[in-house]
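Residue numbers (UniProt numbering), protein chains in the order written: chain U, 1 to 927; chain C, 1 to 501. Quick notes on the structure that follows.
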């Protein structure tokens, strides 16, 4: 950051792309012209040498300032000007190539005509180098007067000294790795270099020279022998040094300036630290010179951020912005003005400039805002204000508008009545035999606003299977395409499911509210579990239903179950697991008869029939004349109970065996631990035997569980049939039906985990019901909701008896919904136990389509708040200088009551009658 | 032909590290045992990710709360950085100078650490909300260093350059010129402090404990590992051999971690005798005073900084902020204008100039400045700009505009405490008590250390007759700002009332 910028006085134009680096430029009066004007000499890595004589009027004649341009066709690493010829004190030009050091003479000859002058460059001598050169320095080594010798440092750390035309000696620096900068201190006649171990080292010329004792051959640059070279002094810089230079002050002698990667150090010539300066920026090059009064050292730095800084010791004197990023910096004297800064950038473009008080030409970008028609702006403002006001009134100024009242989510769950063309069942389960059919439904979630954490589950009745067990969706918003889920359903074994009513449950989270649950039902087609088959006249189990209208043609009613033998009065089907069933209609009376080989198979067909009849003709009233038979039902209960008892026994046995196993183990362990070995006493055989028993028992339990599950499913089917028949028989209302269903604990599945079984739950429900609603003494008996603990009963006599009494009472005309409704009904509690969802939040959704309403209201604030950015995570890396002055912005915090609002507004407030007491408060606090 | 090594060196010198690495790789392909190329490549890779150890520290919650390094757990006032608002020693009152979400007065310049402050308890630290401009600390500083050191995970087609597991540290430690490069590579590029420490410990032994640089590096490793006492010993030993700025600054950092700001200041002042007018030392002193809320000293030392470095942005901005909060906006304007002239162009600057102009009654400039600020602001800066414009609107009496500005501020940053508070006050003026209550509550929740929403909530509840809420709120207000007279009066009033019951 700087106020001023470097004034460019001259710059050269280059057509070609060239490259150069540090050391590629020197500024000197190389042609030794009497006026003493400096020339700028630039050598590029491409091998081209430029000599410029900068003049002011560059604009008129662009080529005039180019004095010389030669392609030496060998990369130029460094150029130096010095007194390199023994016979004269004129300046000559030394050029360092990778393997060559040559010295040239540059001369100017004035032409006879008015054509100006001509410059020539002629080679005086050259040295071949045996090692690749890195850099070089010159100076009056060894105290020679008015002459300069050259020292070349090679890339592998050898210093080679050349005294004009003759090569003197080569020395290797100890502990060398990378070539560092090199400087020559005249006062102590020593070389100063920085080593790779971050040390600044000073080697005396004498020491280097004396070390050469075996110099038999003059021109051998590859001498290894010699005394060990030792540095005069070293100083630990602590950082890699880029550049070293020696400044001679009149007052206090020479100072060594070292430019490190992140700092600048100043040392005495004896190696003591004078001062140092740390930089927060990267420095590309520097130039040191004594201050005018000769007491202090001045430094010009050029930073990689394009700034020129001038320091007096460590104090910043001046900062200016420079146009380019120089790699080398010199100070020269041109046209009688000394102190011109000469810079060359890496593209070899040299320029001269001076520091002026011209401010940095930083112009602010023009703001997009233009003054426009005031009337129009006023109009726009008022219309916007109006809109805002309307909005505030309509949504009562809530910052986040709420759509609480609207439904967040609509589920559309539909299952077609036709099966999939190609069953997916085979992909999911391995069953031997034919492929079982599958049906694919569709679930569409229509959302009105963004909801998150959606979970779709399809709880299936056991033999049925669904391709999606549970599906999680991260988030859905109203703008996205509503997701469509296609679950497939199929049987996974040749058994009978307890119901074809498929439930779909969706849990979701609306924004900032409690999670919600929605569920809906769809009916799976009967074809999923049965296939058409010829009707059979007489089957063991049957149900007869009566209708108030003539029987509907069965071929119309069951078009999907037609086969060769079926007719309008009879239709047959066969469950995949084997049982056959037939529906018959009576020609004379309005009766339907359903018969099946097995009792449990009746339910699905009866249900389907009733459902289809109602669908066909809503007015048809189906009834069942006779009391539903409990005989088969009781048998199922017995079977179920037996299985349960067996289960208990098995568990008990397993527990006992396990205990025995542990005991044997313990015994064995003590035996093994014993110091003195004893015989095992056949304990190992015993252990193995018990283990086998345990495994056998576990297998039995597994098998038993499967039986149990199947039996439970059958019981559930039978219970459902009982409920249906009772409804048709007694013409129960939907509420009554629901109550009855909950009493009979329909959804009961194999609940192995819960301690209470179906029998005791149903029994206790029935008992309470008989004591209360259905009691003969008109419900005056006090309710005793059982003992509270449900235990597995001794036998099923009680529950069967209670069922029979219950049916009796119903037959005698008792109704279910008399007294207690949904109160402390014990059946209620059992019901909520099995329900998956929380009934409070539960809304049943019809499967019918419901068009989505589009909310087209304008919501100004909401849109803005929606577009707020996502919250970033932890604070990242911060470089301090990049963020500045942020803090003041939070301004004045306390607008609370102490805000200096002016009088006018306060008086307006007083007119607000509703909350006038607040205004009193405000004035209180203000005072 | 040019030697490839020379080209690589030249590229390194010109900070073209990527090309330098490529050149070195080519040399190493030809000759895998070229130590010079190996060292240069390591140096270039290090420089690509180099961050000065002195600048890079941000403390995480874990470091701050499970801090068993500080000398005194309950320090005397004026000797610790831990008390966020120590108004008793002449710091600014929160009524005048706003505090950050961590309860520290806002500084004029964002540095690592100015945002976070030091929470007193674990509960408070965890309660500080994570919002868009979170003041919540990163969980642990080590997490940040992991992120800093991922340079080694950049995919190199042929594996990492140096396989640390297979290095024989003893062999390298004996070669100082390789060891130093290798250490910097491990420390900065690989970010593997343990291996770096092993190398440094062996190398300092090989150097017969005479190389201060190795001691400094061992100290740096100890510092990273949280062993501050050991680090201090190394630094002090290094200082005995050679007084260097880096060593002094790192030692000062150790003192700050030990919560000994005065000792750090003493060290810096002592070093100033050796390095007179050194900017880095002066800035370090100013920062410590800033952290201790000693405004006078902060300004004084920042002025010292400006004497030796006239273009130090941090110093100018901090002095300007201090002038602004001590009711001298005219001087602040001049300083900020200087920053604009120096070529800074950002939202904060325009915002600050706008505010200064407003308080110095240059109303014509104010709107222009804010207009520019809004035009170039990103979303997270926008909230603060709108918030300040709302002050402008309040100042000219346009409550409606103030309301809308505050709503925009909240829309841009839904965690803007102050905007919620002021919005609540405006709602109250409109007569909507319920909404005002809700807004006060969210404001108080967002920044528990600001006293205004608590106090406002207390007054509101008190006037509604809900004395219990009022009492609990006013307690929080007094806790956040112990010298707030109105809160104390209210507290006394409530206590009298409860006593009379």
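Here a beta-carbon is modelled for each residue, glycine too, at the ideal position from N, C-alpha and C. As the structure is a prediction and not an experimental result, all values here were calculated from the model.
Does residue i pass the burial test, meaning 16 or more other C-beta atoms within 10 Å, or should it be called exposed?
| i | result |
| --- | --- |
| residue 88/U | exposed |
| residue 685/U | exposed |
| residue 441/U | buried |
Cβ of residue i less than 8 angstroms from any chain C Cβ?
| i | result |
| --- | --- |
| residue 130/U | no |
| residue 677/U | no |
| residue 344/U | no |
| residue 203/U | no |
| residue 94/U | no |
| residue 379/U | no |
| residue 276/U | yes |
| residue 494/U | no |
| residue 530/U | no |
Spatial neighbours of residue i within its chain, please: C-beta separation below 7 angstroms, excluding the five flanking residues on both sides.
| i | result |
| --- | --- |
| residue 199/C | 169, 172, 173, 179, 182, 183, 186 |
| residue 147/U | 83, 86, 140 |
| residue 333/C | 353, 356, 357, 360 |
Would you say residue i faces chain U, with C-beta separation under 8 angstroms as the test?
| i | result |
| --- | --- |
| residue 215/C | no |
| residue 286/C | no |
| residue 42/C | no |
| residue 256/C | no |
| residue 488/C | no |
| residue 294/C | no |
| residue 18/C | no |
| residue 87/C | For residue 87/C, the predicted structure reports a pLDDT of 46, less than 50, and the residue's modelled location is therefore unreliable. A value from the coordinates is still provided. Not an interface residue. |
| residue 146/C | Note that residue 146/C scores a pLDDT of 48, beneath 50, so its modelled location is shaky and nothing firm can be said. |
Taking 6 angstroms as the limit between beta carbons, can you name the residues of its chain near residue i, skipping five residues before and five after?
| i | result |
| --- | --- |
| residue 659/U | none |
| residue 133/C | In this prediction, residue 133/C scores a pLDDT of 44, lower than 50, which makes its location untrustworthy; the coordinate-derived value is nonetheless stated afterwards. If we look at residue 133/C and ignore the five residues flanking it on each side, its Cβ neighbours are 380. |
| residue 606/U | 543, 594 |
| residue 383/C | 409, 412, 413, 416 |
| residue 120/U | 107 |
| residue 53/U | 39, 65, 67 |
| residue 928/U | The requested residue 928/U is not part of the displayed model; chain U covers only 1 to 927. |
Taking residue i as the reference, which of the options has the closest Cα?
| i | options | result |
| --- | --- | --- |
| residue 572/U | 589/U, 587/U, 552/U, 593/U | 593/U |
| residue 305/U | 321/U, 534/U, 291/U, 339/U | 321/U |
| residue 453/C | 207/C, 193/C, 474/C | 474/C |
| residue 15/U | 48/U, 181/U, 118/U | 48/U |
| residue 348/U | 340/U, 325/U, 355/U, 453/U | 325/U |
| residue 534/U | 506/U, 570/U, 652/U, 189/U | 570/U |
| residue 91/U | 149/U, 56/U, 98/U | 149/U |
| residue 680/U | 691/U, 692/U, 284/U, 666/U | 666/U |
| residue 241/C | 367/C, 226/C, 215/C, 393/C | 215/C |
What is the DSSP secondary structure of residue i, counted as helix, strand or coil?
| i | result |
| --- | --- |
| residue 2/C | coil |
| residue 52/U | strand |
| residue 416/U | coil |
| residue 542/U | strand |
| residue 87/U | coil |
| residue 486/U | coil |
If you drop the 5 nearest sequence neighbours on each side, which residues of the same chain put their C-beta closer than 8 angstroms to that of residue i?
| i | result |
| --- | --- |
| residue 576/U | 436, 491, 494, 529, 530, 531 |
| residue 273/U | 235, 265, 266, 267 |
May I ask you to check if the CB of residue i is nearer than 7 angstroms to at least one heavy atom of the ligand HEM?
| i | result |
| --- | --- |
| residue 103/U | With respect to the ligand HEM, the structure offers nothing, as it holds no ligand at all. |
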